[in-house]
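Now the structure itself:
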């Protein structure tokens, strides 16, 4: 596909889409001459394997937010969405600053949404089949503002797919996908992934905190196990899957819960200050899976 950038080592192939928010278009394991998708592949419809979330993650209600005694308005940025969601980094073209066979750095020179003016960088690197992605944002607004970061991977889902991700609490959502309270994960067995468990059969679109920043996804049909680790800033994950019939699910390591502009979890940055986060995806194949 035109405009894509491919990285490769002996165990994996990574395809990036600079013109589509520096997203991951493909991330494939190379197993005995075969290609096994680790993330959902771009099917030509604009879908991606992993989007970058900057300068915040998820929704902001109320038409904007108040900070340091001033209200900052933000309009919805995605058709069909009632609220602004995920910032604008995923909607913009990034430039390729540098790349080699196994590494690339992409830059967004002028992010701009609502009051936010910022620059962002993402560094992708393959190491023996594992992917490291490091996302950095710099506040260029001229005033102090609260920032957040995250990654939005889309994973293939099949009947036997399991997830292990230890969290303490789950945030409950209303019909507008905004938080209405928090509860112990133990109160919701279908959403308790302290041990490897099948994904929920019904809708889930919830934030989880008290997370140890590690997750494991196993797909027995493909004999693949994927390990995800996140840096300390990304202490929340959001799990999204519409139903058991979906052929995907999203597991999003992020720096704050939904609608944190009206709560807490964002990081205030002075003009010129930066914030960084890292996600690592590794995998192994196992005949016993």
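Residue numbers (the numbering used here): 2 to 290.
Glycine included, each C-beta is placed from N, C-alpha and C at the ideal position.
Beta-bridge partners of residue 133, as assigned by DSSP: Within the DSSP secondary-structure output, residue 133 pairs in a beta bridge with 126 and 281.
Outcome for residue 245 when other beta-carbon atoms lying within 10 angstroms are tallied against a minimum of 16: exposed
Contact the stretch 251-262 vs the stretch 54-67: 3+ CB pairs below 8 angstroms: yes
Integer-rounded CB distance, given that residue 220 should sit under 8 angstroms from residue 286: The pair is not a contact, with the Cβ atoms about 10 angstroms apart (cut-off 8 angstroms).
Backbone CA spacing between residue 272 and residue 222 [nearest angstrom]: Approximately 49 angstroms between the Cα atoms of the pair.
Cβ-based neighbour list, residue 266, same chain, cut-off 6 angstroms, excluding 5 preceding and 5 following: If you ignore the 5 residues before and after residue 266, its C-beta comes within less than 6 angstroms of the C-beta of 257 and 258, all in its own chain and listed in chain order.
Residue 174 versus 155, 62, 20 and 28, residue with shortest Cα-Cα distance: 62
Contact check, residue 130 vs residue 29, beta carbons under 8 angstroms: no
Own chain partners of residue 69 with C-beta closer than 7 angstroms, once the 5 adjacent residues on each side are dropped: 145
Beta-bridge partners of residue 52, as assigned by DSSP: According to DSSP, which records beta bridges pairwise, residue 52 is partnered with 153.
Which of helix, strand or coil DSSP assigns to residue 84: coil
Pairwise C-alpha distance: residue 125 and residue 73: 33 angstroms
Minimum Cβ-Cβ distance from residue 136 to chain C less than 8 angstroms: As a matter of chain content, chain C is missing from the structure shown, which is built from one protein chain.
Exposure label - residue 251; buried when at least 16 CB within 10 Å: Residue 251 counts as buried, since no fewer than 16 other beta carbons sit within 10 angstroms of its beta carbon.
Paired residues, beta bridge with residue 172 - DSSP: 183
Stretch pair the stretch 177-192 + the stretch 146-158: three plus CB contacts closer than 8 angstroms: no
Cβ neighbours of residue 67 in the same chain (closer than 8 angstroms, five flanking residues each side left out): 73
Coarse secondary structure for residue 188, derived from DSSP in three states: helix
Local Cβ density within 10 Å of residue 21, reported as buried at 16 or more and exposed below that: buried
Cβ shell of residue 7 (< 8 angstroms), same chain only, five flanking positions each side left out: 14, 15, 16 and 17
Enclosing beta strand (DSSP E) for residue 100 [first to last residue]: 96-100
CA nearest to the CA of residue 128, picked from 198, 109, 103 and 176: 103
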